[in-house]
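Note sheet for the following structure.
Protein chains: 2
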Amino acid sequence: MSLSVAILGATGLVGRTALRILDERRFPIRELRLLASDRADRGARSLAFRGREVPVDPVTPESFAQVDLAFFTCSNEVSQAWAERAQAVGARVIDNSSAFRYVDVVPLVVPEVNAERLGPLPTLVANPNCSTIAIVLALAPLRPWGIEQVHVATYQSASGGGGDTLQDLESGIQAGLDHDPPRRADGSPALAFNVVPKIDRFESNGYTREEMKIVWESRKILDLPELAISATAARVPVRVGHAAALSVTLRQAISPDEARAAWAKSPGLEVVDDPSSDRYPTPLEVAGRDVARVGRVRHDLAHPRGLLFFVVSDNLRKGAATNAIQIAERLADLAAQAAGATGER
Amino acid sequence: MSLSVAILGATGLVGRTALRILDERRFPIRELRLLASDRADRGARSLAFRGREVPVDPVTPESFAQVDLAFFTCSNEVSQAWAERAQAVGARVIDNSSAFRYVDVVPLVVPEVNAERLGPLPTLVANPNCSTIAIVLALAPLRPWGIEQVHVATYQSASGGGGDTLQDLESGIQAGLDHDPPRRADGSPALAFNVVPKIDRFESNGYTREEMKIVWESRKILDLPELAISATAARVPVRVGHAAALSVTLRQAISPDEARAAWAKSPGLEVVDDPSSDRYPTPLEVAGRDVARVGRVRHDLAHPRGLLFFVVSDNLRKGAATNAIQIAERLADLAAQAAGATGER
């Protein structure tokens, strides 16, 4: 079964990455529409895909007619403006923005963790936050021990903020080669040669929205609505690749070896953890990969049932585009099965 | 009272910073000896101090004769080789290495926190780890609420690893302007555009020695030998300025406002924490300052008696040289008082 696919926000970092990964994974595409909202358009008139140039068209009410699958790799505002219209004409939307993630009936899916939420063939699926995906990939295999409490501190790359933030890093690095880089154009602290503990806007409880995304989304994806979890999210001068230091308390004690064994059996996760040969995960080395990596696992010195570890992933790939395309692959399989079951072809 | 002062390791990053701060703080110096071990000597023949060039001499058994105060800003090995000899001829040693920090009888001092340990005029005082100093400055004012559990994740700058690590960052940035930077000369992952969750060597429990320094030293300085504390230490591509995300459980609940009020009264600490006007601490902006900054304080969503916050400091100044010189100032005062009390002049 070959599909008609649209990407809204095709010219952004995640849109371009999605295009690359659709090709890498030989996603069966009959027709490809690349769409840009006025705002998101960075001037690319066309993008290469499988040897030909595909034009980037402005999104219009007709854009989603006859589209099977629409990847939304755009802002919340653009998602909100177009998601309903795309579904109304029969497209299934996989939305990378956070606009619908917290709507109860909208599945929020990391296929390795909660693919069952795709069961009734939803018309809208939300793709989680780029830090959250690696975090839940590492937490899910620990559920048999009972997750009691989670603390996260993230080290997030510039590309997680999109093309503008990545450009802020590049120009800050250039400006900072010989002396301290200046503040950014919006007046916020330089990202180059700095750590900025503010991602997205502040909420009234003193947390940033990025931190709350990790909290809300981990609870929803792990299906642990009461999970005691808290986060600090910080931007670091890295181009691609998010990292997170986690401390987790389990109801039943788990040894580092047991955790490594549980992770080693988990799809989407690679254990890179051998102090004796100096092996541990880093964001630069997971960039370009489609798995998250976990390592530095050890007993928590502060709690008898605690475990500490460090997780990294490519925020544009497994943290965004790869996960969205894995969702699409499942949806395509399920749709084919459903068509087969009802005798359709 | 004017003192004869020596700096062993004067040509290193901390040694040079100490020289600058001795001048800034108008430390009363009668004679200044700049010393280098063969290993640590980076080729500087002399360093400027108060308008004149002071020669850098190789350390010898005679180097500490008639010296009142010796700052050791060198490796553990060099400290171990010279600390006893310097004390034997009457110098008081303030050692920035970790060689003696864990010896029970050696005071490990952050003057704002445990200056009382300088009471009996020790001949050797250990200066704490550069991350630990800011952490205990922020934890100490919370002691009245009862510190039950502490989790730390650090974001440490290259200069904390000394001149070589800073050079690794600079050359990695240059090599990484257009493509991924290569691994470092020792085969470890690039520091530029990366996060490296390994500082110092691995211990047998899976923690790095840097992480254990935070654990051991926080307990000793706070005089809480059983403190439940654990840490993840990571190097980030920042030149100067360490940061740490902390989550702390108190025996008695504390509100963010109470914590801010306690910190605001604490010397050595500046509260930079106002989400409504986008104020929070960053390492780049604390670089060059002699205080630690704390902010991003909020209730821990994962624990009813938990508090989260973010602390930064200049690792070469308050994290090293400034703290050592503050210790020296206290020692000089105490020595003057003792001399006064016994009628000496």
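Those protein sequences? They're chains A and B, same order as listed.
Residue 167 in the numbering used here sits at position 167 of the first sequence; the count goes up by one each step and never skips.
Residue 268 in the numbering used here sits at position 268 of the second sequence; the count goes up by one each step and never skips.
The beta carbon of each residue, even a glycine, is placed where N, CA and C say it ideally should be.
| task | Could you confirm whether any beta carbon from chain B is found closer than 8 Å to the beta carbon of residue 179 of chain A? | result | no
| message | residue 108 of chain B and residue 128 of chain B - do their beta-carbons sit closer together than 8 Å? | response | yes
| query | Using the beta-carbon count (16 or more within 10 Å), is residue 326 of chain A buried or exposed? | reply | buried
| field | Range covered by the beta strand (DSSP E) that runs through residue 79 of chain A | value | It is not in any beta strand (DSSP E) - residue 79 of chain A instead sits in the alpha helix (DSSP H) that spans 76-88.
| request: Measuring only between beta-carbons, confirm whether residue 87 of chain B sits less than 8 Å from chain A. | output: no
| request: Output the residue ranges of the beta strand (DSSP E) runs that lie fully inside the segment 236-278 of chain B and measure 3 residues or longer, sorted by chain position. | output: 242-250, 269-271
| request: From the DSSP output, read off the bridge partner residues of residue 155 of chain A. | output: A/234, A/243
| task | Give the residues of chain A in contact with residue 221 of chain B, contact being defined as C-beta atoms less than 7 Å apart. | result | Neighbours of residue 221 of chain B on chain A: none; closest Cβ ~17 Å, over 7 Å.
| Taking 8 Å as the CB-CB limit, is residue 149 of chain B close to chain A? | yes
| request: With a cut-off of 8 Å on the beta carbons, I'd call residue 168 of chain A and residue 184 of chain A a contact; round off their distance for me. | output: 5 Å
| said: When you compare the segment 164-181 of chain A with the segment 331-341 of chain A, are there three or more beta-carbon pairs, one atom per stretch, that lie closer than 8 Å? | reply: no
| request: State yes or no: is the beta carbon of residue 164 of chain B nearer than 8 Å to at least one beta carbon in chain A? | output: no
| request: Using a threshold of 8 Å, state whether the C-beta atoms of residue 114 of chain B and residue 229 of chain B are closer than that. | output: no
| Shorter than 8 Å from the beta carbon of residue 53 of chain A to some beta carbon of chain E? | Absent from the structure is chain E; the protein chains it does hold are A and B.
| field | Interface partners of residue 173 of chain B on chain A, CB under 8 Å | value | 173, 177
| N- and C-terminal bounds of the alpha helix (DSSP H) containing residue 15 of chain B | 13-24
| query | How long is the line joining the alpha carbons of residue 36 of chain A and residue 174 of chain A, rounded to whole angstroms? | reply | 30 Å
| field | Chain-ordered residues of the segment 227-257 of chain B with a beta carbon less than 7 Å from chain A | value | 228, 229, 230, 232, 234, 236, 237, 238, 239, 243, 245, 247, 256
| query | Can you tell me whether residue 297 of chain A is buried or exposed, with buried defined as 16 or more other CB within 10 angstroms of its CB? | reply | buried
| For residue 247 of chain B, the nearest candidate out of B/103, B/152, B/262 (CA to CA) | B/152
| The beta strand (DSSP E) spanning residue 191 of chain B covers which residue range? | First-last for residue 191 of chain B: undefined, no H or E at that position.
| Just checking, does the segment 269-284 of chain A make contact with the segment 270-286 of chain B on the three C-beta pairs under 8 Å criterion? | no
| said: Quick check: residue 13 of chain B and residue 163 of chain B, are their CB atoms within less than 8 Å of each other? | reply: yes
| field | Neighbourhood of residue 149 of chain B by C-beta, 6 Å cutoff - its chain only, sequence neighbours within 5 removed | value | 228, 249
| message | Beta-carbon within less than 6 Å of residue 99 of chain B's beta-carbon, same chain only, minus the 5 sequence neighbours each way: which residues are those? | response | 76, 79, 80
| field | Beta carbon proximity, residue 132 of chain A to chain B, threshold 8 Å | value | no
| Beta carbon of residue 70 of chain B, beta carbon of residue 93 of chain B: below 8 Å? | yes
| Do the CB positions of residue 56 of chain A and residue 44 of chain A come within less than 8 Å of each other? | yes
| task | Determine, using beta-carbon pairs with one atom in the segment 288-295 of chain A and one in the segment 260-272 of chain A, whether at least three such pairs fall under 8 Å. | result | yes
| message | Measuring only the C-alpha atoms, how far is residue 192 of chain B from residue 158 of chain B? | response | 10 Å
| task | Determine the contact status of residue 91 of chain B and residue 106 of chain B, defining contact as a CB-CB distance below 8 Å. | result | no
| message | Quick check on residue 328 of chain A - is its C-beta less than 8 Å from some C-beta in chain B? | response | no
| Is the shortest distance between the beta-carbon of residue 363 of chain B and the beta-carbons of chain A less than 8 Å? | Examination of residue 363 of chain B is not possible in this model, given that chain B is present from 1 through 345 alone.
| task | Check each candidate in B/72, B/131, B/125 and name the one with the smallest Cα separation from residue 313 of chain B. | result | B/131
| task | Establish whether the CB of residue 188 of chain B and some CB of chain A are separated by less than 8 Å. | result | yes
| query | If you count every other CB in all the chains shown that lies within 10 Å of the CB of residue 189 of chain B, and 16 or more means buried, which is it? | reply | buried
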